[in-house]
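Trainee: In this note's numbering, the protein residues as written are 2 to 224.
Backbone N, C-alpha and C fix where the C-beta goes; we use that ideal spot for every residue, glycine too.
All of these numbers come straight from a predicted model, not from anything done at the bench.
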Amino acid sequence: MTSIDNSQLYTELGYANRLDGGKKDRLGQEDFLNLMTVQLANQDPFKPMESGDFLGQLAQFGTVSGIEDLQKSFSSLSGSLASNQALQAASLLDREVLVPVQSAPTNADGTISGAVDVPYPATDVVVGIYDQAGQEVRRMTLGPQGAGFAEFTWDGRNNRGEVMPAGEYTLRAEVNSAGKTEASDVMVAARVESVLMDSRAGGLSLDVTGLGNVAFADVRKIG
């Protein structure tokens with residue numbers, strides 16, 4: 002038998018037009034196997050071809066095929082997770098959630114309800130309410146608390162018992178334990194009015210009463 006070069010193989014198998022600007026500008030795994038079969042059948046018996054090159058090419062095709070399969074699987078998984086997240090978020094409509102904040106407006110009844118994130122058992126937890134000028138309006142002592150969420154409600158009155166005007170107030174919390182005082186996250190309870198999907202970022206956000214848009218991932222507790 003006489004050996005033939007690659008250009009002859011392409012012509013014989015009808016692939017020449019693919020490599021000369023045709024619609025398909027590359028060969029797939031099936032095409033490569035056909036080429037390999039023809040080339041093996043027409044190789045010079047006195048100068049047999051090295052099988053290592055073919056095996057290497059086959060291994061590369063297998064790797065590429067595996068990566069493509071993984072990409073398809075991850076794409077499918079991502080779509081499924083996004084759908085599940087959307088369904089879960091939709092179920093939050095008209096429900097109360099705890100969202101970490103630095104400030105929050107008073108409710109219709111002039112109060113603010115929320116919770117302090119207590120990272121470890123504390124001998125005392127203190128919540129401070131401050132007006133827009135940074136002056137302390139109310140200091141509430143919640144007493145000893147275990148690790149978790151220590152709930153509180155500010156009745157809208159200052160330290161002298163006077164009713165404060167409706168508006169936005171800053172909330173700060175301190176956790177005291179073993180003679181050490183640390184600041185901690187404050188969360189407020191608010192009702193979910195709608196669910197928004199960010200098509201570009203692929204994330205979900207909630208339109209929460211008094212707080213505007215809040216990332217779904219920031220929700221700490223669902224009431």
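1. With a CB to CB cut of under 7 Å and the five nearest residues on each side skipped, what residues in its chain are close to residue 123?
2. Scan the segment 87 to 160 and note each continuous alpha helix (DSSP H) run of 4 residues or more that stays entirely inside, going in chain order.
3. With DSSP collapsed to three states, give me the class of residue 219.
4. Does the distance from the C-beta atom of residue 100 to that of residue 165 stay below 7 Å?
5. Using a Cβ-Cβ distance cut-off of 7 Å, determine whether residue 190 contacts chain D.
6. Once DSSP output is grouped into helix, strand and coil, what is the label at residue 182?
7. So if DSSP puts residue 197 in a beta bridge, which residue, or which two residues, is it bridged to?
8. Contact check, residue 1 vs residue 127 under 8 Å by CB: the rounded distance?
9. Look at the alpha carbon of residue 185 and the alpha carbon of residue 119, and state the distance between them as a whole number of angstroms.
10. By how many angstroms is the C-alpha of residue 173 removed from the C-alpha of residue 115?
11. To which residues of the same chain is residue 182 closer than 8 Å at the C-beta, ignoring the five residues directly before and after it?
12. Would you kindly work out how many angstroms separate the C-alpha atoms of residue 217 and residue 206, rounded to a whole number?
13. Determine the DSSP secondary structure at residue 22, reduced to helix, strand or coil.
14. Please return the same chain residues whose Cβ sits closer than 6 Å to the Cβ of residue 159, not counting the five positions on each side in sequence.
15. CB-CB under 7 Å to residue 211, same chain, minus the five flanking residues each way: which ones, in chain order?
16. Rounded to a whole number of angstroms, what is the C-alpha to C-alpha distance between residue 162 and residue 103?
17. Just to confirm my understanding: we take residue 110, look at its own chain, exclude 5 residues before and 5 after, and list those with CB closer than 8 Å. What are they?
18. Skipping 5 residues on each side, what residues in its chain have a beta carbon closer than 7 Å to that of residue 148?
19. For residue 108, count the other beta carbons within 10 Å of its own beta carbon; 16 or more makes it buried, fewer makes it exposed. Which is it?
20. Ordered along the chain, which non-local residues of its own chain (more than five positions away) have a Cβ less than 8 Å from that of residue 209?
21. Out of 141, 153, 91 and 133, which one is the CA nearest neighbour of residue 113?
22. Measuring CA to CA, which of 169, 93 and 170 is closest to residue 221?
23. Can you name, in chain order, every residue of its own chain whose Cβ lies under 7 Å from the Cβ of residue 132, other than the five neighbours on each side?
Mentor: According to the data block:
1. Residue numbering aside, residue 123 sits at position 122 when the sequence shown is read from its first letter. Apart from the 5 residues on each side of it in sequence, residue 123 sits with its Cβ closer than 7 Å to the Cβ of 145, 146, 176, 177 and 178 in its chain, given in chain order.
2. With a minimum length of 4 residues, no continuous alpha helix (DSSP H) run stays inside the segment 87 to 160.
3. For the purposes of this step, residue 219 is taken as the residue at position 218 of the sequence shown. It is helical.
4. Taking the sequence shown and counting its residues from 1, the one referred to as residue 100 is at position 99. Taking the sequence shown and counting its residues from 1, the one referred to as residue 165 is at position 164. When the beta-carbon positions are compared, residue 100 and residue 165 stay at least 7 Å from each other.
5. The structure shown contains no chain D, having only a single protein chain.
6. Walking along the sequence shown from the start, residue 182 turns up at place 181. Shown here, residue 182 sits in a strand according to DSSP, grouped into three states.
7. Taking the sequence shown and counting its residues from 1, one reaches residue 197 at position 196. The partner list for residue 197 (beta bridge, DSSP) reads 206.
8. The shown model of the chain, from 2 to 224, leaves out residue 1, and the question about it has no answer.
9. Numbered from its first residue, the sequence shown carries residue 185 at position 184. Numbered from its first residue, the sequence shown carries residue 119 at position 118. One C-alpha to the other measures close to 7 Å.
10. As a first step, residue 115 must be located in the sequence shown, where it is residue number 114. As a first step, residue 173 must be located in the sequence shown, where it is residue number 172. Distance from the CA of residue 115 to the CA of residue 173, rounded to the nearest whole angstrom, comes to 12 Å.
11. As a first step, residue 182 must be located in the sequence shown, where it is residue number 181. Around residue 182: 175 and 176.
12. As a first step, residue 217 must be located in the sequence shown, where it is residue number 216. As a first step, residue 206 must be located in the sequence shown, where it is residue number 205. Rounded to the nearest angstrom, the gap between the Cα atoms of residue 217 and residue 206 is 5 Å.
13. Looking up residue 22 in the sequence shown gives position 21. Unreliable positioning characterises residue 22 in this predicted model, as indicated by a pLDDT of 49, which lies under 50. A coordinate reading is not provided.
14. Residue 159 sits at position 158 when you count from the first residue of the sequence shown. Only 138, 139 and 165 meet the Cβ criterion.
15. Residue 211 sits at position 210 when you count from the first residue of the sequence shown. So the qualifying residues of the chain are 105, 106 and 191.
16. For the purposes of this step, residue 162 is taken as the residue at position 161 of the sequence shown. For the purposes of this step, residue 103 is taken as the residue at position 102 of the sequence shown. When rounded, the distance between both Cα atoms is 24 Å.
17. Taking the first residue of the sequence shown as 1, we reach residue 110 at position 109. Counting only Cβ-Cβ distances below 8 Å, and skipping sequence neighbours, we find 157.
18. The residue you call residue 148 lines up with position 147 of the sequence shown. Counting only Cβ-Cβ distances below 7 Å, and skipping sequence neighbours, we find 119, 120, 121 and 122.
19. Within the sequence shown, the letter at position 107 stands for residue 108. Only buried fits residue 108, as 16 or more other CB atoms lie within 10 angstroms of its CB.
20. Sequence index remark: in the sequence shown, residue 209 carries index 208 (1-based). Around residue 209: 98, 100, 191, 192, 193, 194 and 215.
21. Counting from one through the sequence shown, the residue named residue 113 turns up at place 112. Here the closest residue by C-alpha is 153.
22. Locating residue 221 in the sequence shown gives position 220, where the first residue counts as 1. Answer by Cα proximity: 93.
23. In the sequence shown, counting from the first residue as 1, residue 132 sits at position 131. These residues qualify, in order along the chain: 138 and 170.
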